[in-house]
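S.K.: One structure is given below, represented as structure tokens, and several questions about it will come after.
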Amino acid sequence: MTRHPPPYLPQPGLPSSYERGVTASVLVATTAEVLAHPELDEGMLAPWEQRRLAHIRVPGRRDDVVAARLLLRLCAARVIGRPPQTVYPAQRCPGCGRDGHGRPYLPGRPGLGVSFSHADGLAAAAVGPGPVGIDVEPLERRPGPLTVLRRLLPEAEVDAAGAEPEPGPALLRLWVRREALFKAGRDDARLTGWTDHRRAAVVALASGAPR
Amino acid sequence: MQRVTAWLNEKNPGLDSPIGVEEDLIEARLIDSMDFLEFIDLLEEISGDSIDLQEVTIDDFRTLARVRERFLGSAVLADAPAG
Amino acid sequence: MNTSSITALPGIELKSPGAGLITLDPVRTALLRGLDELLTGLAARLAAPEVVGPPLLSVEGLARLDFFRNFPHLGVSVGRFGSEALDGLASGGSPQDLPLQPTGHVLPSATCYGLLLSLEGEDVGEDGLRLSAVGRCFRNETHYDGLRRLWGFHMREVIYLGTKDGASEHQRRGGEYVEEVAGRLGLTLTRAAADDPFYDNGGSRARLMALDPVKFEYSSPDGTAIASVNRHRNFFGERLGIRAGSHGPAYSSCVAFGMERWVHAMILAHGTAEQALERLRAAGS
Chain A
6 MTRHPPPYLP
16 QPGLPSSYER
26 GVTASVLVAT
36 TAEVLAHPEL
46 DEGMLAPWEQ
56 RRLAHIRVPG
66 RRDDVVAARL
76 LLRLCAARVI
86 GRPPQTVYPA
96 QRCPGCGRDG
106 HGRPYLPGRP
116 GLGVSFSHAD
126 GLAAAAVGPG
136 PVGIDVEPLE
146 RRPGPLTVLR
156 RLLPEAEVDA
166 AGAEPEPGPA
176 LLRLWVRREA
186 LFKAGRDDAR
196 LTGWTDHRRA
206 AVVALASGAP
216 R
Chain B
11 MQRVTAWLNE
21 KNPGLDSPIG
31 VEEDLIEARL
41 IDSMDFLEFI
51 DLLEEISGDS
61 IDLQEVTIDD
71 FRTLARVRER
81 FLGSAVLADA
91 PAG
Chain C
-4 MNTSSITALP
6 GIELKSPGAG
16 LITLDPVRTA
26 LLRGLDELLT
36 GLAARLAAPE
46 VVGPPLLSVE
56 GLARLDFFRN
66 FPHLGVSVGR
76 FGSEALDGLA
86 SGGSPQDLPL
96 QPTGHVLPSA
106 TCYGLLLSLE
116 GEDVGEDGLR
126 LSAVGRCFRN
136 ETHYDGLRRL
146 WGFHMREVIY
156 LGTKDGASEH
166 QRRGGEYVEE
176 VAGRLGLTLT
186 RAAADDPFYD
196 NGGSRARLMA
206 LDPVKFEYSS
216 PDGTAIASVN
226 RHRNFFGERL
236 GIRAGSHGPA
246 YSSCVAFGME
256 RWVHAMILAH
266 GTAEQALERL
276 RAAGS
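Next comes the structure, spelled out in structure tokens:
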């Protein structure tokens, strides 16, 4: 299920016409890129988000979380067609039912699913017409140990990844796919995975069936 | 417990102060979901018991105090308390 | 603009040689020419001199621009019959199944390639350079559809080479011009950043957006992209050794118009080709 996005090439002239019926719109960026983006500013974050940020101990990680939250705003803004500063994502926990943590959503837009992810120096966001989940990890990261992984994820999948010629990357891809599914909250979501070589990142997207 | 604190510090070099016993490790972003794999492995090694992954919740790992209480109850508590 | 009466040829249909290849009647031709003249106003506004690009491009040149790596299916190749086939042809033999020899050239798929390749090794100076040209372009497609999706079509481009800021400004001003002209012509266009689509096995699509989009498309209500504004960063400057004075490898950007698609958009908006032509004349005055 792994697809690689086309490599960057300046596309001159006219492309094919704008596609409709997309299941999700995705943005992936480095933390630095997001924090430098002219349309985004940390001041856009809500007080409850700022309070959560205050708990983060490692400054680099704090930046990653800020970037992911801002990237979600940019992603949603582009899909909705409004400016990012008018987008106010909220969060609700499917487990305890309380606000302020858990699955993100857009108040007033129940049809739209949103998800964000942050990793060391990376951020990702997804918006779609139904539940979505996105996960990003640095290319070199490895889930381990295998013995624990096999108890957490379906054994057959872990063993299959472990049997590949390059088990490390295969296990990482497996991890991000399962994380994306988990965040979407549905096992039957469609999975798209890819590697962003320029940003040294692996990404997985779980999104719903098209209308 | 000391091993846990050492592991956390290894994962998060350059912390400006020690990790508090009641500090929310997840909110502090000291560990993320992938780190849990190692964390579980470490705790099983220290305690000598295996952890039933069906029985645990995220709250069991939320603070050092909770971790100690939940998983390391039978371990020697001779280390100086963290925080 | 020549306002002498332009009517359809009475009782005559101009046939097309095949799918995606259209012969334009006089009214549509007037639309095409008139729209091209109007859109060339951008070149006048930006002081971009008019040039004529080459009719064919070298495979070697395009390969250096990663063209075949990224668009392997697009290029329409130029071939010729080998000398051993010529006698057979001259005596009435069928050319249909004869093998063609490659010539090392392809038909252009975008107007700017020929212009950029012609500037290889040049220094465009501190203030940069603009050029305007219209050319016939060709793209292999899986299906063709009226004037919306043709095998061969006309593309007008106004390109800029120079500084990073200059390239961004060129892109911005090009977009403004498109919106302005669309307004004058009574066309409703939507502007969207062009994304990379992903397709999963089920055929559903996700789209990967760019944090800093380099390409925006303007589309008519039926989703036909009729114009695009594109930034190339300094890709072409680096690959082709084009410098912008002390600024190093030139940044570039281009504004592109698919002329037949503008004809299509006008007919879509105004009902018939004749009504579209009326509207074009009114806008031009």
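Residue numbers (the working numbering), protein chains in the order written: chain A, 6 to 216; chain B, 11 to 93; chain C, -4 to 280.
All C-beta atoms, glycine included, are put in the ideal place defined by N, C-alpha and C.
Span of the beta strand (DSSP E) holding Lys210(C)?
M.R.: Where Lys210(C) is concerned, the enclosing beta strand (DSSP E) stretches over 210 to 214.
S.K.: How about the stretch 56 to 69 of chain A and the stretch 109 to 119 of chain A: do they share at least three Cβ pairs that are nearer than 8 Å?
M.R.: Output reads no: the stretch 109 to 119 of chain A does not touch the stretch 56 to 69 of chain A.
S.K.: Can you tell which of Arg179(C), Ala220(C), Ala188(C), Leu60(C) has its C-alpha closest to the C-alpha of Arg167(C)?
M.R.: Among Arg179(C), Ala220(C), Ala188(C), Leu60(C), the Cα nearest to that of Arg167(C) is on Ala188(C).
S.K.: Closest to Leu102(C) by CA distance: which of Leu206(C), Gly116(C), Arg143(C), Pro49(C) is it?
M.R.: With distances taken between Cα atoms, Leu102(C) lies closest to Pro49(C).
S.K.: Tell me the DSSP secondary structure of Asn135(C) in three-state form.
M.R.: DSSP places Asn135(C) in coil when its eight states are reduced to three.
S.K.: Return the Cβ separation of Gly232(C) and Tyr246(C) in integer angstroms, given the expectation that the two are a contact with Cβ distance under 8 Å.
M.R.: The pair is a contact, with the Cβ atoms about 6 Å apart (cut-off 8 Å).
S.K.: Where does the unbroken beta strand (DSSP E) through Thr200(A) begin, and where does it stop?
M.R.: That run of the beta strand (DSSP E) goes 195 to 201.
S.K.: Given Leu176(A), which residues of its chain have a CB within under 6 Å of its CB, disregarding the five upstream and five downstream residues?
M.R.: So the qualifying residues of the chain are Pro148, Ala166.
S.K.: Give me the Cβ distance between Gly138(A) and Leu186(A), rounded to the nearest whole Å; I'm assuming they're in contact under 8 Å.
M.R.: That pair is a contact at about 6 Å.
S.K.: Have a look at Val181(A) and Val224(C) and give me their C-alpha separation to the nearest angstrom.
M.R.: Near 35 Å, if we compare the C-alpha coordinates of Val224(C) and Val181(A).
S.K.: Suppose you measure from the CA of Pro215(A) to the CA of Thr28(A); what does that come to, to the nearest Å?
M.R.: The pLDDT assigned to Pro215(A) is 43, lower than 50, so where the model puts this residue is not dependable, and the model offers no usable value.
S.K.: Measure from the C-beta of Arg83(A) to each C-beta in chain C and report whether the shortest distance is under 9 Å.
M.R.: So yes, Arg83(A) belongs to the interface.
S.K.: At the level of alpha carbons, what is the spacing between Leu9(C) and Val209(C)?
M.R.: For Leu9(C) and Val209(C), the distance between alpha carbons rounds to 40 Å.
S.K.: Going by CA-CA distance only, name the one from Thr137(C), Leu57(C), Arg256(C) that's closest to Asp217(C).
M.R.: Looking at the Cα atoms, Arg256(C) is the closest of the given residues.
S.K.: Give the DSSP-derived three-state secondary structure of Val258(C) in the structure shown.
M.R.: Three-state DSSP puts Val258(C) in a helix.
S.K.: Look up Ala264(C) in the DSSP assignment and give the residues it is bridged to.
M.R.: Paired residue(s): none; Ala264(C) is not in a bridge.
S.K.: Drop a sphere of 10 angstroms on the beta-carbon of Glu152(C), count the other beta-carbons inside from all chains shown, and report buried for 16 or more, exposed for fewer.
M.R.: Flag for Glu152(C) reads buried.
S.K.: What does a CB cutoff of less than 6 Å around Glu184(A) pick up in its chain, not counting 5 residues either side in sequence?
M.R.: Taken in chain order, the residues that qualify are Asp140.
S.K.: Are the beta-carbon atoms belonging to Arg83(A) and Met261(C) less than 9 Å from one another?
M.R.: The answer is no: Cβ separation not under 9 Å.
S.K.: Check the Cβ-Cβ distances between Leu206(C) and every residue of chain A, and say whether any is below 9 Å.
M.R.: By this cut-off, Leu206(C) is an interface position.
S.K.: What is the rounded straight-line gap between the Cα of Ala85(B) and the Cα of Met11(B)?
M.R.: In this prediction, Ala85(B) has a pLDDT of 49, which is less than 50 and means its spatial position is unreliable; nothing more can be read from the coordinates.
S.K.: Give me the residue from Leu180(C), Arg186(C), Tyr108(C) with the minimum Cα distance to Leu272(C).
M.R.: With distances taken between Cα atoms, Leu272(C) lies closest to Leu180(C).
S.K.: Quick one: Cα of Gly83(B) to Cα of Glu37(B), how far?
M.R.: Approximately 24 Å between the Cα atoms of the pair.
S.K.: Can you tell me where the beta strand (DSSP E) holding Pro143(A) begins and where it ends?
M.R.: From DSSP, the beta strand (DSSP E) with Pro143(A) extends over 138 to 143.
S.K.: Under 7 Å between beta-carbons, which chain F residues line up against Leu32(A)? List them in chain order, please.
M.R.: Protein chains in the displayed structure are A, B and C, and chain F is not among them.
S.K.: If we cut at 9 Å on Cβ distances, does Asp190(C) have a partner in chain A?
M.R.: Yes, contact with chain A.
S.K.: Against chain A, does Ala239(C) count as a neighbour if the rule is that its beta carbon must be under 9 Å from one of theirs?
M.R.: Answer no: the Cβ-Cβ gap between Ala239(C) and chain A never drops below 9 Å.
S.K.: Could one say the Cβ of Arg200(C) lies closer than 9 Å to chain A's Cβ atoms, at least one of them?
M.R.: Answer yes: the Cβ-Cβ gap between Arg200(C) and chain A drops below 9 Å somewhere.
S.K.: Taking the straight line between their C-alpha atoms, what separation do you get for Asp26(B) and Asn19(B)?
M.R.: When rounded, the distance between both Cα atoms is 11 Å.
S.K.: How big is the Cα-Cα spacing for Tyr110(A) and Thr67(B)?
M.R.: Rounded to whole angstroms, Tyr110(A) to Thr67(B) spans 23 Å at the Cα level.
S.K.: Start and end of the alpha helix (DSSP H) containing Cys107(C)?
M.R.: Taken as a continuous stretch (DSSP letters only), the alpha helix (DSSP H) holding Cys107(C) covers 106 to 113.
S.K.: Terminal residues of the continuous alpha helix (DSSP H) containing Phe63(C)?
M.R.: From DSSP, the alpha helix (DSSP H) with Phe63(C) extends over 62 to 65.
S.K.: Would you say Pro174(A) and Leu144(A) are within 9 Å of each other, going by their C-beta atoms?
M.R.: Taking 9 Å as the Cβ cut-off, Pro174(A) and Leu144(A) qualify as a contacting pair.
S.K.: Mapping the DSSP letters down to three states, classify Leu16(C) as helix, strand or coil.
M.R.: In this structure, Leu16(C) counts as strand in the three-state DSSP scheme.
S.K.: What does the alpha-carbon distance come out to for the pair Ala41(A) and Gly102(A)?
M.R.: C-alpha separation (whole angstroms): 35 Å.
S.K.: Would a check of beta-carbon distances place Leu144(A) closer than 9 Å to chain C?
M.R.: No, Leu144(A) lies away from the interface with chain C (no Cβ there is under 9 Å from its Cβ).
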